[in-house]
Every structure is written in structure tokens, then in C-alpha cells.
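Novice:
Number of protein chains: 2
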Amino acid sequence: MTKAKPNLEGDLQDQAHHEYSSELGVTTVQVARLPGFRTQSGGDLPFIDIAYQTLGRLSPQRDNVVLVCHALSGDAHLAGINPSTGRPGWWDFHVGPGKAIDTDQFYVICSNVLGGCGGSTGPSSINPATGAPYATDFPPVTLREMVRAQAMLLDHLEIPRLLAVTGGSMGGMQALIWATDHPDRVDTCIPIACCLAHNAMQIAFNEVGRQAIMTDVNWREGRYYGRPLPRHGLAVARMVGHVTYLSDYAMHEKFGRRLQRPALPEDLFPDFFSVESYLQYQGESFVKRFDPNSYLYLTKALDRFDLLNQRPAREVFGPVQARFLVISFDSDWLYAPEQSRELVRLLKRANLPTTYLNLTTPYGHDSFLIRNQEFSRAINHFLTGEYRKLHGVGVRPAAERHP
Amino acid sequence: MTKAKPNLEGDLQDQAHHEYSSELGVTTVQVARLPGFRTQSGGDLPFIDIAYQTLGRLSPQRDNVVLVCHALSGDAHLAGINPSTGRPGWWDFHVGPGKAIDTDQFYVICSNVLGGCGGSTGPSSINPATGAPYATDFPPVTLREMVRAQAMLLDHLEIPRLLAVTGGSMGGMQALIWATDHPDRVDTCIPIACCLAHNAMQIAFNEVGRQAIMTDVNWREGRYYGRPLPRHGLAVARMVGHVTYLSDYAMHEKFGRRLQRPALPEDLFPDFFSVESYLQYQGESFVKRFDPNSYLYLTKALDRFDLLNQRPAREVFGPVQARFLVISFDSDWLYAPEQSRELVRLLKRANLPTTYLNLTTPYGHDSFLIRNQEFSRAINHFLTGEYRKLHGVGVRPAAERHP
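Chains as they are written, first to last, in the numbering used here: chain F, 1 to 403; chain Y, 1001 to 1403.
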């Protein structure tokens, strides 16, 4: 894959339209019901469901666990074919036998976040007190609370500690929270394309999406369940998100100024561009799989994320035991490399062993979802190397079976 | 003004809230009714109104005319205080006595585009055939047709040729069309923060705005006049536009992660950020002054803009007589400097005298709307120098009365 002629993959294409087979075959998601959860905002959830997937085998010493945290629109279906959609998990390129996170070596866990809509408790879940969906009675949740819910899941699974916690974007922020809030449970941390705190531009783009949803007449203060969804608002929110996830170069290469089809008599305007068609398709597809209220809750949790939150870096990073591999992408203008560099500077100042990789890719923020051998190798070599350092014995580096 | 501590002005603040007085005092806009207009798409307009403003005095030789073309949300009110709003025109920083475009020396004209909603004929104008607004019966118009309508206005005003045509963003694209479609009428051309053709990312952001408007239940296929406006859709469109006009640096400096106010009991979420409040305000203000259908028509005209449009550059630039000053801003990621450089390469290859300035500013695309001495001086020196070259005698370079 060269920069000159990128073959856009990952989130840039509808994988189901291609003959894509996962080495993992069909994989499933389970749900754990966990005891009551009280949020910082005073919300009381009598129980929470957390949907999760496990891949690979837990070692007898329980020392080979890799936790993967998903991004805004992700879910617990990390890799392998989802039987209900026929589509591969969102990180199938990077998780599987012989892949970056090698399921022959590691026990890999991914769970849907609290507040989400992929099987975990969120605004669309039934509130046992009323028998109706929580809707906007659901308490605001923070990324720290999503991590706390994941920690409860690991307790439930009797996983004492993590060889690694990783994720891109919102997943990377959760990985950072893991390393700082649960320092005694995290050996290594791989935050990808993320930041120490959402900045004004990141908040602004999210707010555009929220306003699109909340001003849709069907939103009805969030009480739209059993009625028409605020689908147009959610579609617009997804469209604006999509544009920010891509680089202008990637969009130029994929779409340029190509027209989707000749003008039709019913068209308001001539020249229906392919990129317009693509965005409309992405918006409409998203509506079928994502709850608008979850979109509000998760984007607001992202915007409220601030790892230091007025605390001195010394206090936040002092107890941390993890070693870090920080990855960013040079074409990512939404979570720009400068934000990762700022994180790296703080980690190094705290004397935490940190490797930083700013990869050259043409794909923008979506780069972490896309097939990329350099990215794969970096993660695989870090994980196998760290396992060897920790346990004296090696896990076998993944054969480069990754096509 | 230093890069370290920018004092954001121009479009970044509501100028009416500050004690801002224009050296031009109160200025007005006139409307010219021009004979029938046939569009490329086959639309027939029995007449068109073009709203325009003139500032300064036309020289007896009629050789000191500067035409300024406005951007997407601009209008004919270029400079001086608008009596109906109490606010200065959109380029008051740069047009006036002693300013970049010195009204003591030049006769300055600015007209609202065909298809707009600032006094020129557009979708919200009355269709004389029906007595009701055109709405979406208004024919799609192109930037070339907007320029053709301006040329008709100049004929009406008996202005044979232009010392200069300039504008930022959509205004810059019109300036380029002037130089290529009317080569015998243009002495110099100053395209600012623009491009040779809209690229996929620019189309994508516009399409998000259009979808927000067209999926608003109040849009009703554009026939909302006399009924509730699709105000929420237009507000979301304006919000996404605003984010793209600013740099992340400018937003960070102006807003950072500051909260607008303490949380209220009715807030769905804690932490209402200043940048959210700002965007909501911008969206709501825009609804009061802009027609949603015009927003659709103008953004689509922008997206369809392609100066070469499959023609060889030799054919397009061959007849051009103008000399060029091309300006871009290094922090502008929406109309990135690379697009201006591409234009400059073509102009130079066509042996057209071209000066290129890529200014260092922290403000993003909005830089051309903001007080900036370097920008002002560059334009003023170019205009006075070119006038001297053309006419043997000088106009006096503007004293730097610009504060």
C-alpha cells in the first residue's frame, strides 16, 4: 500500500459488499448482568448489562489478557463474523490468529460501553422501575464510569489484570483512564489517535451532531421510543462525523468530483456527486444500528473527557505502572498528532516508559480502522515484547500471516 | 496582534456588541432591475433584481473601479454602517477611507449574488408569473451566472472595465470567473482563500448542511414561505459551516474548554461549554437573516464550481489579460493554501503576471474577514501599484490610518 494509490478499506467501505472472510469465523457476544451502579451525577442504576466478546484462550496464569475499548460508533463485536449482520467485527483487520493482537497468544476482551446501544445498558434499555426505556432519565455517564463498568465486568470474569488495554479515539481515552484509575491492573497501555482532553474543535463538531438530533421534531426530548425515530438528525450527525474522520486526500482519491449518476427529472439540482451519495448512505445505514440518545450521551461523555481535570500531572500519573505505546496518524486532523505528542510529553515527564509512533497514512482519523501492516506490526511487536519482559518467557510473535 | 495572543475579531464576534464606528458612516444599498435572464439549465427569469452598494467616487475616466464579490453568507452591504441593523458591512475592516481598498481613491462596488437573499433575485423572491415566491421553481444558478448578472449590473452602471475584481472564498471564485469569462474587462484580479474547483471534502461539508435543511420537516420541498421556516436545519448548516471556517487554534484560544454557565436543573447534561453556546447563537442569528433555499442554491453552485471544467488550461487562460494577486492563509484548512498554489501554478504556466502571498494567521478560513495589517497592506500596495502601471499617474497609497 503506497501513499500515492491508497486502496481505501476499513470503515471506508461496506465490508459486507466484498468477499471478506474472517479467520475467526462466526463469533458471538455475551451479556453480563452486573450489580447496581451509581453515577457521579447521582444516577442509580439497579443493575447494568454489559455486552462483551472474548476471543482466544485465557492462560492458566490469567496473564495474557488484552482489553480493547471501542470508539464512538463501535460495539462489543470486535472481530469475526457477526451472525446477525454477516459482517466482520470493527477491528477484524487487527485482531485474530496471527494478527496484530494475536488470538493464538492473547485472550482478547471487548465490551460495549455503558450508555451505548450495542447490548450494554443505555438510554434505550428498559428502566426496571417503569418498564419503559430510560430515554433521557438515563443518567449522564462519563468515560471514567464506562471504564468502571468495564472493571466490574473484569471482576465478574475473574480477570485480575490486563497485559494491555488499547483502543482508538474514544477507545484510546478509555485506555488512558484504565492506566490512571486502575494503575495496579494495567501492565501496558496503547492509546491510539486520541487526546488528553477534547478541545474546542472536537466539542464543536460533536455539538453540531447533537443539535441535529435534538432539533429533529421526532426527538421529543428523547422520548421517541415506540414512535418515529429522529432519524434525519442522527443521519446528519453521522454525516458530519464521517467527514471529520477522513482526510481531504482520502476523499479526493475516493470520490474527487465524480458524479454518482446522471441527473434525474426530480433532482432539485444537476450534478449529484458521489461523495454526497456516500454520505447519505452512511447516514441512513447508521440510523439502522445506533440509538440517537446513545449518540448524545457518548458524544457528551467525549466532550467532558479531561484526563487531568485540574489535577497536577504528578498526581494523575504518579501511581501509574503501565508502559505505553502511543500511536497517532499524520493525516488525522480531528485528533491531530500534536494531541498525542502532548500526551507523550506528560508521560515522559512522569518517567513512564513510552514509545511514540506517528504513522504516515493518507486516511485521516479512520486510519486505525484500516488495514495497515506497519500499524499491525508495531502493536504485535510491542505486545509480544512486553509479555516477554513481564513473564520471562515469550509468546511467539505473530507470523506475518496478515495478508 | 501577535500569533501568541490573538484578539479574534471579524466574523468571530458580534460586532454590534462592541463600540465599532465606521469611517464611512451609514451607507446604503440600491437595487437595479435588469432585463430577462436565461440560465444554462433552461430557467427563464423575466427580470432580475441585483442589490448593490457603491462607495467612493467614479473617476471621470471610469478607470478606478474595484468590484468586490461576497462569500456564501455575505451580501451587498460591503462597508459602512447598515442602517437597518446598525452593524458594519462585512468588509468594513478593509474597505473605506485610507483602508486596503481606499474609497478616497477607488470606486468600489459590491453586489448581492443572483440566487441570494440580500435584495437580489433568488428563491425567496416573488415569481411574477405566480405572485408567490419562486421557492424551488427558481432555476439552479451557477457561479458563472452570478458573474454574468454582475456584468449586466456593470453595463447598467456604464462601467466598461474593472481595475480590480476581488473577493474571498466564493467571492474569490467569482473573481476568477470574471478574469476568464470577461477577459477584456478585468485589469487585475485578487482571488483570496479560494480554489480552482470544490474538492470532495468541501462538497461533503456543504452536503451535510443541505441535508440538515432538506430533512427539516419544515422545509416541505422548499415551499415553506408564509409557514414556519426550516430554521433548525439552517441553524445546523450554519454551525457546521462555522466550525470549518475557524482553525482549531482559534477555537482553542477563544473557547478552550471553558463552561458557559453553571449547570441548570433542566440541562440534559452537565458542562455546557462556551463553544456550544457560541455555535447555537451563530445558528440562531443566521436564521434571522438568511433564506434556507438560498443556502441550498449557493452551496450547490459552490460545489459545481470547476473553473477549468474539462477545458485545457491554455483555452481558459489564453485570453486572460489580468494580473493576479493570489492570497491564502496558512491556517485555512477548508480552502487550504495548496489549492491556491495549484491556481498559482496554472496562472504562471499561462505566463500571467502573478504574485502569491500565503499569510501566516491563526484564524483559519475566516482570516480574510478579520483585521490584519499585512493583508491590508498587500492589497493596497498591489492596487495602487497596478493603477500607476496602467495609467502612468499614481493614486496615493493609502496612509496607514487603518488602526
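Using N, Cα and C, we set each Cβ at its ideal position, and we do this for glycine too. Remember, predicted model here, so these are calculated numbers, not experimental data.
With 7 Å as the limit, tell me which residues of the stretch 1184 to 1209 of chain Y have their beta carbon closer than that to any beta carbon of chain F; keep them in chain order.
Specialist: Residues of the stretch 1184 to 1209 of chain Y with a Cβ closer than 7 Å to any Cβ of chain F, in chain order: ALA1197, ASN1199, ALA1200, MET1201, ILE1203, ALA1204, PHE1205, GLU1207, VAL1208.
Novice: To the nearest angstrom, how far is the alpha carbon of VAL1243 (chain Y) from that of LEU325 (chain F)?
Specialist: Looking at the two C-alpha atoms, the distance is approximately 32 Å.
Novice: So what does SER1111 (chain Y) bridge to, in DSSP terms?
Specialist: Y:TYR1052, Y:CYS1069
Novice: Using a beta-carbon distance below 8 Å, is THR1361 (chain Y) in contact with chain F?
Specialist: So, not an interface residue.
Novice: Near HIS232 (chain F), what residues of its chain come up, given a Cβ to Cβ distance below 7 Å and the 5 sequence neighbours on each side ignored?
Specialist: ASP216
Novice: Whole-angstrom Cβ separation of ASN1479 (chain Y) and ASP1075 (chain Y), contact assumed at under 8 Å?
Specialist: Because chain Y in this structure spans residues 1001 to 1403, residue 1479 (chain Y) falls outside the shown range and cannot be described.
Novice: Nearest to ARG1144 (chain Y) by CA position, among Y:LEU1334, Y:SER1376, Y:ASP1330, Y:LEU1298, is which residue?
Specialist: Y:LEU1298
Novice: Checking contacts by CB at 8 Å: is TYR20 (chain F) closer than that to chain Y?
Specialist: no
Novice: Since VAL1068 (chain Y) and THR1166 (chain Y) should fall inside the 8 Å C-beta cutoff, what is the C-beta to C-beta distance between them, to a whole number of angstroms?
Specialist: 6 Å
Novice: Since SER1041 (chain Y) meets chain F, which of its residues come closer than 7 Å, beta carbon to beta carbon?
Specialist: PRO270
Novice: Relative to the C-alpha of LEU163 (chain F), which candidate in F:LEU157, F:ASP306, F:VAL108, F:LYS254 has its C-alpha closest?
Specialist: F:VAL108
Novice: So with CB distances below 7 Å, who are the chain Y contacts of GLU276 (chain F)?
Specialist: ILE1203, GLU1207
Novice: Grouping DSSP H, G and I as helix and E and B as strand, with all else coil, what is PRO1046 (chain Y)?
Specialist: strand
Novice: Between LEU383 (chain F) and LEU176 (chain F), which are expected to be in contact by the criterion C-beta below 8 Å, what is the C-beta distance as a whole number of angstroms?
Specialist: Their Cβ separation, rounded to whole angstroms, is 18 Å, which puts LEU383 (chain F) and LEU176 (chain F) out of contact at 8 Å.
Novice: Mapping DSSP to helix, strand and coil, what is THR136 (chain F)?
Specialist: helix
Novice: Identify whether TYR20 (chain F) lies in helix, strand or coil by the three-state DSSP scheme.
Specialist: Correct three-state label for TYR20 (chain F): coil.
Novice: Taking only beta-carbon atoms, is GLY1256 (chain Y) less than 8 Å away from chain F?
Specialist: yes
Novice: For the structure I just gave you, are there three or more beta carbon pairs, one from the stretch 329 to 336 of chain F and one from the stretch 27 to 42 of chain F, closer than 8 Å?
Specialist: no
Novice: Roughly how many whole angstroms lie between the Cα atoms of SER73 (chain F) and PHE290 (chain F)?
Specialist: 8 Å
Novice: What residue range is occupied by the uninterrupted alpha helix (DSSP H) comprising GLN280 (chain F)?
Specialist: 274 to 289
Novice: Once you ignore the five residues that flank GLN1321 (chain Y) on each side, which residues in its own chain have a CB closer than 6 Å to its CB?
Specialist: PRO1183
Novice: I'd like the ranges of any beta strand (DSSP E) spanning at least 3 consecutive residues and lying wholly in the stretch 118 to 178 of chain F.
Specialist: 162 to 168
Novice: Cutting at 6 Å between CB atoms, please list the residues of its own chain near GLY1168 (chain Y), excluding the five before and the five after it.
Specialist: ALA1071, ILE1192, ALA1193, PHE1368
Novice: Decide if the stretch 1196 to 1213 of chain Y is in contact with the stretch 255 to 275 of chain F; the criterion is three or more beta carbon pairs, one per stretch, under 8 Å apart.
Specialist: yes
Novice: By the three-class DSSP mapping on this structure, what secondary structure does ARG1261 (chain Y) have?
Specialist: strand
Novice: For LEU45 (chain F), tell me which candidate among F:THR28, F:ASP92, F:TYR134, F:GLY86 has the shortest Cα-Cα distance.
Specialist: F:TYR134
Novice: At a CB-CB cut-off below 8 Å, which residues of chain Y make contact with LEU279 (chain F)?
Specialist: ALA1204, GLU1207, VAL1208, GLN1211
Novice: Kindly give me the distance between the Cβ atoms of ILE439 (chain F) and PRO160 (chain F), rounded to whole angstroms, as I take these residues to be in contact under 8 Å.
Specialist: Residue 439 (chain F) cannot be examined here, being either before or after the span of chain F that is shown, 1 to 403.
Novice: Near GLY222 (chain F), what residues of its chain come up, given a Cβ to Cβ distance below 6 Å and the 5 sequence neighbours on each side ignored?
Specialist: ALA135, THR136, ASN293
Novice: Taking only beta-carbon atoms, is MET239 (chain F) less than 8 Å away from chain Y?
Specialist: So yes, MET239 (chain F) belongs to the interface.
Novice: Nearest by alpha-carbon distance to THR355 (chain F): which of F:ASN372, F:GLY385, F:PRO362 is it?
Specialist: F:GLY385
Novice: Using CA coordinates, which residue listed in Y:ASP1102, Y:GLY1042, Y:ARG1314 is at the minimum distance from LEU1352 (chain Y)?
Specialist: Per the Cα distances, Y:ARG1314.
Novice: Below 7 Å on C-beta distance, what does MET1251 (chain Y) contact in chain F?
Specialist: ALA200, MET201, ALA204
Novice: Cα separation between SER1340 (chain Y) and VAL208 (chain F)?
Specialist: 29 Å
Novice: Strictly under 8 Å for the Cβ-Cβ distance: is ARG1323 (chain Y) near chain F by that measure?
Specialist: no
Novice: Assuming VAL1236 (chain Y) and GLY1172 (chain Y) make a contact with CB atoms under 8 Å, what is their CB distance in whole Å?
Specialist: That pair is no contact at about 26 Å.
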